[in-house]
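Sequential numbering from 13 applies to the sequence shown in this note's numbering.
Down below is the structure, laid out as structure tokens.
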Amino acid sequence: MAIPLSWKVAGVAVGLIAAALAWNGASQYLASRHADEIIQESARATAMEEQQAQVQAQQRHDELAANLRRQRAELASNYRQVASQAREYQVRRAVQVGRELQEAQRVEDSYVLDKNQQCANGIVIDRRGSSFSLVRGKDGQPIRCQRDKAAEPLR
Numbered sequence: 013m014a015i016p017l018s019w020k021v022a023g024v025a026v027g028l029i030a031a032a033l034a035w036n037g038a039s040q041y042l043a044s045r046h047a048d049e050i051i052q053e054s055a056r057a058t059a060m061e062e063q064q065a066q067v068q069a070q071q072r073h074d075e076l077a078a079n080l081r082r083q084r085a086e087l088a089s090n091y092r093q094v095a096s097q098a099r100e101y102q103v104r105r106a107v108q109v110g111r112e113l114q115e116a117q118r119v120e121d122s123y124v125l126d127k128n129q130q131c132a133n134g135i136v137i138d139r140r141g142s143s144f145s146l147v148r149g150k151d152g153q154p155i156r157c158q159r160d161k162a163a164e165p166l167r
């Protein structure tokens with residue numbers, strides 16, 4: 013049985029068309045599969061990048077929170093130190109003011125006539141028993157007075 017040449021050519025053409033269609037289908041399938049793999053790999057990479065970004069953001073958040081806690085602790089320590097120094101200064105200042113007041117009172121008291129002295133005609137007189145004498149200053153002159161206070165320190 014002999015197959016005519018036109019049938020052979022037609023068979024070869026149909027085979028070539030079928031092979032071309034099969035090749036085209038296989039190529040499209042492989043391209044689709046490759047595209048799916050690329051999409052999946054891209055999604056995995058995006059998910060990993062997102063996870064890394066979240067980890068980095070959490071680390072940065074933790075660092076900032078630790079820095080804030082440290083700064084707050086330093087600030088609280090500084091406030092305590094300043095408050096302590098202020099209290100110490102206030103105590104020292106109160107003691108100093110007390111001493112200054114005592115010194116001022118001592119100086120003022122040194123101008124006040126004592127029980128054996130009196131102011132007579134603007135001059136301090138010292139009386140011991142029945143004798144009277146002028147109280148003299150550093151320059152040898154009688155010390156002037158007014159009521160119960162001398163113009164110069166008596167002691």
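For each residue, glycine too, the CB sits at the ideal point set by N, CA and C.
Here the structure is a predicted model, which means the values were calculated and not measured.
Rounded separation between residue i and residue j - CA only
i, j, result
"V94", "V119", "36 Å"
"Q40", "Q71", "46 Å"
"V24", "A31", "10 Å"
"V67", "M60", "10 Å"
"S122", "R92", "44 Å"
"N79", "L87", "12 Å"
"Q64", "A55", "14 Å"
"Q97", "A77", "30 Å"
"S44", "W35", "14 Å"
Beta-bridge partners of residue i, as assigned by DSSP
i, result
"P154", "R148"
"V109", "According to DSSP, which records beta bridges pairwise, V109 is partnered with nothing at all."
"V124", "K161"
"I135", "A132 and R156"
Cut-off 6 Å between Cβ atoms - residues of its own chain near residue i, not counting five sequence neighbours on either side
i, result
"R167", "S122"
Environment of residue i [buried if 16+ CB atoms lie within 10 Å]
i, result
"L125", "buried"
Same chain only: Cβ atoms within 7 Å of residue i, ignoring 5 sequence neighbours per side
i, result
"G149", "I155 and E164"
(request) Taking 8 Å as the threshold, find out whether the region 99–117 comes into contact with the region 141–150 through three or more Cβ pairs. (result) no
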